[in-house]
Amino acid sequence: MSVTVINCDKVFALSYIGGRMPVNTYRTSPSSMCRKLFDERKTLASLEWSDFDANEVVGMPKLPTVKLPIVEPHEQSGALLVVGEREIQDYRQHPLVCGEAFRPEDIRLEEVHYMESTSSGVCVLALNDECDKIPEILARSWVNSYRLEGVFGRETVKHKIKGRVTLKADYDQVTRHRLEKLLTRVQSEYRKAAFVAAEVDIQSEEAFELARKGLPRAKLAGAQIIYMCELKHFSLPYFALQVQAVGETDVFLRCFIHELGVSLGSTASCVRLIRRTFGPFHAGHALLEKQISLQNIVRNLELCRRIVKSLPEEDDVLQESSAYDETKCVVDGLDLQTNQDYDAMRPVWPRNYD
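Quick look at the structure:
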């Protein structure tokens with residue numbers, strides 16, 4: 001894939017950039033962030049974070065000229081004769097006729113793994129040619145990590161995070177010990193289901209070798225498996241879980257919280273869903289909304305390519321995380337590294353009051 005960049009600090013030809021770009025959506029929903037970044041098709045290449053329009057940077061193209069004959073009638077016979085030629089601009093190449101240099105149709109953007117508007121965390125976006133490779137990416141069965149926060153004794157419409165409360169129940173019988181015991185049993189059942197999804201007999205020697213190496217990779221398309229579920233916080237009626245899953249959806253995770261409450265003789269609803277990692281990508285690789293600029297996007301695309309190349313060859317064992325430790329290199333609006341100590345309150349003159 002080639003990257004073509006216009007020589008301007010905040011404008012780039014996005015239509016020639018292909019790759020994956022993780023963005024962090026802790027304060028903005030994924031769908032709204034995507035709309036804010038890319039769905040303002042009228043401004044097109046300005047893309048909300050640029051102070052200039054890419055079409056303005058390209059400027060008015062130099063129109064070619066064409067020669068047209070000059071025809072005049074004969075003085076006596078009145079017959080039309082070509083008496084010369086004149087050059088005029090060829091308006092077939094004018095932007096008002098053929099369109100601007102950058103068109104909305106040149107930009108393709110899709111979420112690799114869909115997130116609802118009420119969810120937050122790391123959201124990986126595919127640009128242009130990479131959009132065609134989304135099924136291939138999902139087929140790798142990367143392990144995704146989530147933080148789920150729920151509340152016992154409350155049920156909402158379709159278990160939505162911001163849904164209307166439809167049922168309230170007692171939760172006095174719920175204890176930390178009972179919840180941890182239930183999570184252990186659920187995790188054990190999903191471990192068995194992982195071997196079924198990997199099409200391996202759990203009593204065979206192959207299953208033993210897979211279990212010794214790590215987590216078996218699911219070969220069944222769309223298999224939803226929870227590999228790890230750990231209780232991180234418990235203070236009735238609130239609790240928080242750390243979940244590692246494959247093939248999951250936001251609906252699946254919300255229903256999982258509800259089923260935990262029902263299994264404990266009460267009910268529960270999810271109040272917060274945060275994706276901590278998406279396969280090898282974590283928050284250290286993701287761009288915040290305020291960090292989106294030309295330099296940061298190009299550097300982030302290159303970082304994602306290096307991360308994917310560093311992954312081992314596809315095998316029957318899942319990789320819970322990547323061994324690639326590099327993080328994003330972010331440049332702010334003043335062209336300063338964000339990890340450098342910068343005192344905005346320090347005056348330009350020396351602190352000498354003698």
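First residue of the sequence shown? That's 1 in the UniProt record's numbering, and the numbers climb one at a time after it. Here a beta-carbon is modelled for each residue, glycine too, at the ideal position from N, C-alpha and C.
For residue 278, the uninterrupted beta strand (DSSP E) run begins and ends at 268-278, by DSSP.
Annotated three-state conformation of residue 283 is helix, per DSSP. The beta-carbon separation of residue 81 and residue 72, rounded to 6 Å, stays under the 8 Å limit for a contact. DSSP places residue 86 within a strand segment (E or B) once states are collapsed to three. Pairing residue 222 with residue 261 gives a Cβ-Cβ distance that is not under 8 Å. For the pair residue 242 and residue 194, the Cα-to-Cα distance works out to about 19 Å. Counting only residues of its own chain and dropping the five nearest sequence neighbours on each side, residue 234 has a CB closer than 6 Å to the CB of 176.
When DSSP states are grouped into helix, strand and coil, residue 312 belongs to the coil group.
A straight line joining the alpha-carbon of residue 270 with that of residue 238 spans about 10 Å. In the three-state reduction of the DSSP assignment, residue 61 falls in the coil class. In the displayed model, residue 76 falls within coil according to three-state DSSP, outside both helix and strand. In this structure, residue 182 sits near residue 263, with a CB-CB distance shorter than 8 Å.
Residue 265 and residue 171 have their C-alpha atoms spaced approximately 8 Å apart. The UniProt domain "Pseudouridine synthase II N-terminal" (118-246) is shown to contain whole alpha helix (DSSP H) runs of 4 or more residues at 134-138, 176-197, 205-213, in chain order. With contact defined as three or more Cβ pairs closer than 8 Å, the region 93-104 and the region 125-145 are not in contact. The alpha-carbon separation between residue 297 and residue 70 amounts to approximately 54 Å. Minimum Cα-Cα distance from residue 74 among the listed residues 152, 165, 83 corresponds to 83. Using a C-beta cut-off of 8 Å, the region 304-314 makes no contact with the region 182-191, since fewer than three inter-stretch Cβ pairs fall below that distance. Pairing residue 111 with residue 123 gives a Cβ-Cβ distance under 8 Å. Counting along the chain, the unbroken beta strand (DSSP E) around residue 109 starts and ends at 109-111. By the neighbour-count criterion, in which 16 or more other beta carbons inside 10 Å mark a residue as buried, residue 252 falls on the exposed side.
Counting only the Cα atoms, residue 213 lies some 28 Å from residue 133. Residue state for residue 292 is assigned as coil, using DSSP reduced to three classes. From the listed residues 220, 196, 275, the smallest Cα separation to residue 211 is found for 196. Our two residues, residue 284 and residue 207, have alpha carbons roughly 35 Å apart in a direct line. Distance between residue 254 and residue 161, taken at the CA atoms: about 8 Å. The beta carbons of residue 240 and residue 149 sit closer together than 8 Å. The three-state secondary structure of residue 264, taken from DSSP, is coil.
Residue 253 is not bridged by DSSP to any residue. Separation of the CB atoms of residue 56 and residue 250 is rounded to 40 Å, and the pair is thereby denied contact status at 8 Å. Residue pairing by DSSP places residue 71 opposite 82 in a beta bridge. In this structure, residue 58 and residue 101 form a Cβ contact; the two beta carbons are roughly 5 Å apart against a cut-off of 8 Å. In this structure, residue 159 lies away from residue 278, with their beta-carbon atoms at least 8 Å apart. Taking a C-beta distance under 8 Å as the contact criterion, residue 103 and residue 128 do not qualify as a contact pair.
Bounds of any alpha helix (DSSP H) do not take in residue 104, whose DSSP letter is neither H nor E.
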